[in-house]
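In the numbering used here, the protein residues as written are 11 to 220.
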């Protein structure tokens with residue numbers, strides 16, 4: 011069983027910016043600590059046989075310079091790898107190219123702090139319309155899957171999709187959207203603009219399929 015409030019409160023969310031060759035880009039960062047060793051978390055994030063147990067089926071070559079593709083989702087190229095501490099890859103979806111960086115750090119308790127930084131994923135128009143929650147809610151779902159994996163209760167993709175469409179799943183996405191709204195405001199966004207963007211994000215993620 012998923013404790014929605016506990017999971018939402020276990021995650022740290024930060025909105026920022028970065029300067030790329032093409033100009034300033036938006037950055038969303040999500041972090042969660044897991045009761046697992048850094049080697050175990052690294053394996054969960056990089057082992058193609060293990061990734062589908064908590065996220066999506068993946069194909070390609072998971073090595074430096076290799077290309078990967080998540081089934082029905084993004085793909086890209088692995089640009090940097092420092093096992094078991096971090097890796098960086100392009101994140102290519104719908105004609106847009108952005109970057110993800112995953113960093114792992116051991117915690118004093120013997121667990122691992124997982125941090126994912128996503129840079130430059132949204133064009134100005136989409137960012138203005140949806141704000142950081144457009145990608146942030148999806149990443150919240152990903153860190154939830156990883157948390158469930160380490161607790162032994164991970165859902166397979168079909169089950170996860172059904173859960174997302176349940177009342178509990180919609181509550182999760184609504185709360186995630188609100189927390190990304192708060193992070194956006196903390197980063198300096200106009201509160202009214204951030205709230206309107208979060209409302210549109212929530213509506214997009216929780217719409218009932220017709």
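In this text, a Cβ means the ideal position worked out from N, Cα and C, and glycines have one as well. Please read these numbers as outputs of a predicted model, since none were measured by experiment.
It is roughly 5 Å from the alpha-carbon of residue 79 to the alpha-carbon of residue 69. Cβ neighbours of residue 142 within its own chain (closer than 6 Å, five residues either side excluded): 25, 38, 190 and 194. Where residue 154 is concerned, the enclosing alpha helix (DSSP H) starts and stops at 143-161. For residue 180, the CB contacts under 7 Å within the same chain, skipping 5 residues up- and downstream, are 216 in chain order.
DSSP, read as helix, strand or coil, puts residue 182 in helix. Residue 35 places its beta carbon less than 8 Å from that of residue 129. The DSSP-derived three-state label of residue 101 is strand.
Straight-line spacing of the CA atoms in residue 124 and residue 175 works out to 26 Å. Taking the Cβ atoms as the reference, residue 64 lies roughly 4 Å from residue 155, within the contact range of under 8 Å.
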